[in-house]
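Participant: Okay, here's the structure, questions in a sec.
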Amino acid sequence: MSLNYLKSSKGKDLLVYLGCIFEKNYLKKEKTYWKCIRYNTDKSRGRTHTKNSEVTFHNDDHNHTPNAEEIGVKKCISQIKEMSNQSESTPQQIVAQMSCSSAAVSAALPTINSMKKMIQRIRYQKNALPANPTVLSELIIFEPYNITLDNEPYLLYDSGVEDNNRILLFSTKNDLKILASEQSHWFIDGTFK
Numbered sequence: 001m002s003l004n005y006l007k008s009s010k011g012k013d014l015l016v017y018l019g020c021i022f023e024k025n026y027l028k029k030e031k032t033y034w035k036c037i038r039y040n041t042d043k044s045r046g047r048t049h050t051k052n053s054e055v056t057f058h059n060d061d062h063n064h065t066p067n068a069e070e071i072g073v074k075k076c077i078s079q080i081k082e083m084s085n086q087s088e089s090t091p092q093q094i095v096a097q098m099s100c101s102s103a104a105v106s107a108a109l110p111t112i113n114s115m116k117k118m119i120q121r122i123r124y125q126k127n128a129l130p131a132n133p134t135v136l137s138e139l140i141i142f143e144p145y146n147i148t149l150d151n152e153p154y155l156l157y158d159s160g161v162e163d164n165n166r167i168l169l170f171s172t173k174n175d176l177k178i179l180a181s182e183q184s185h186w187f188i189d190g191t192f193k
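Take the sequence shown: its letter number 48 is residue 48 in my numbering, and every next letter is one higher.
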């Protein structure tokens, strides 16, 4: 039997096995030990051990029945999160594209507005801007901030973080060629303390 995995709200792996969901408890000698996700809240004692994607031990000592609806909801939410990261579609389009297994699962999902906000939150975290540096030596300009939309280098020169008189030159090679060939006067701007 192939194992099915989901992602938790924090991005950790969850194991779906025999209608129950398990979270990773610990890893020891290539064997993964899983406990029921309701262990902390309901003291459910269900356990599963896996090795090389095969179940080596299963304890069905749950104090609840398997819940296909809960699994379906988690699958739909995982699908929405994955589409949020991979697709440029609007939140409304992503919610409309999701495929839920049954009407019961659809009824148990969060509201459409909640799912749209979740998509926006995921995209914001993915595209969050780096923190403002407090000193010049902390200023590091990563991609995509050092290239143009055409993938041309935009940060042409950086004298380095160890330079007390650091110089950054932002331009494209084409713009420098235009300046060199057509302009007799250059105006330079600088920020000085």
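Glycine residues also receive a C-beta, built at the ideal position from the N, C-alpha and C atoms.
Since the structure is predicted, the reported quantities are computational estimates derived from the model, not experimental observations.
For Ser102, collect the residues of the same chain with a Cβ closer than 7 Å to its Cβ; drop the 5 residues on either side in sequence, then sort them by chain order.
Facilitator: Taking the first residue of the sequence shown as position 1, residue 102 is located at position 102. Closer than 7 Å at the Cβ level, and outside the excluded window around Ser102, lie Gly72.
Participant: If you compare alpha carbons, which of Gln120, Thr134, Cys100 and Ser137 is closest to Ser87?
Facilitator: Locating residue 87 in the sequence shown gives position 87, counting from the first residue. Here the closest residue by C-alpha is Gln120.
Participant: Using DSSP bridges, identify the partner residues of His49.
Facilitator: The residue labelled residue 49 in the question sits at position 49 within the sequence shown. Its beta-bridge partners are Tyr33 and Phe57.
Participant: Take every Cβ of the segment 38-45, pair it with every Cβ of the segment 102-115, and state whether three or more of those distances are shorter than 8 Å.
Facilitator: A contact between stretches requires three or more CB pairs, one per stretch, nearer than 8 Å, and the segment 38-45 fails this requirement with the segment 102-115.
Participant: Enumerate, from N- to C-terminal direction, the unbroken beta strand (DSSP E) stretches of 3 or more residues contained entirely within the segment 54-116.
Facilitator: Those beta strand (DSSP E) runs which fall completely within the segment 54-116 and span 3+ residues are 54-59.
Participant: Mind checking Ile178: buried by the 16 CB within 10 Å criterion, or exposed?
Facilitator: Here residue 178 refers to the residue found at position 178 of the sequence shown. By the Cβ neighbour-count rule, Ile178 is exposed, with fewer than 16 other Cβ atoms within 10 Å of its own.
Participant: So, helix, strand or coil for Leu15, using DSSP?
Facilitator: Taking the first residue of the sequence shown as 1, we reach residue 15 at position 15. Assigned with DSSP and collapsed to three states, Leu15 falls in strand.
Participant: Which value, in whole angstroms, describes the spacing of the CA atoms of Ser181 and Asn127?
Facilitator: Numbered from its first residue, the sequence shown carries residue 181 at position 181. Numbered from its first residue, the sequence shown carries residue 127 at position 127. For Ser181 and Asn127, the distance between alpha carbons rounds to 38 Å.
Participant: So Glu182 is in the alpha helix (DSSP H); what residue range does that whole segment cover?
Facilitator: Start at 1 with the first residue of the sequence shown, and residue 182 comes out as number 182. Run containing Glu182: Lys173 to Glu182, per the alpha helix (DSSP H) assignment.
Participant: Starting from the C-beta of Met98, find all residues in its chain whose C-beta is less than 8 Å away, skip the five residues before and the five after it, and write them out in chain order.
Facilitator: For the purposes of this step, residue 98 is taken as the residue at position 98 of the sequence shown. Only Cys76, Gln79, Ile80 and Met83 meet the Cβ criterion.
Participant: Using three-state DSSP, classify Glu23 as helix, strand or coil.
Facilitator: Numbered from 1 along the sequence shown, position 23 holds the residue referred to as residue 23. In this structure, Glu23 counts as strand in the three-state DSSP scheme.
Participant: Label Phe22 either buried or exposed according to how many other C-beta atoms from any shown protein chain fall within 10 Å of its C-beta, with 16 as the threshold for buried.
Facilitator: To locate residue 22, count along the sequence shown from 1; it is residue 22. By the neighbour-count rule (16 or more Cβ atoms within 10 Å), Phe22 is buried.
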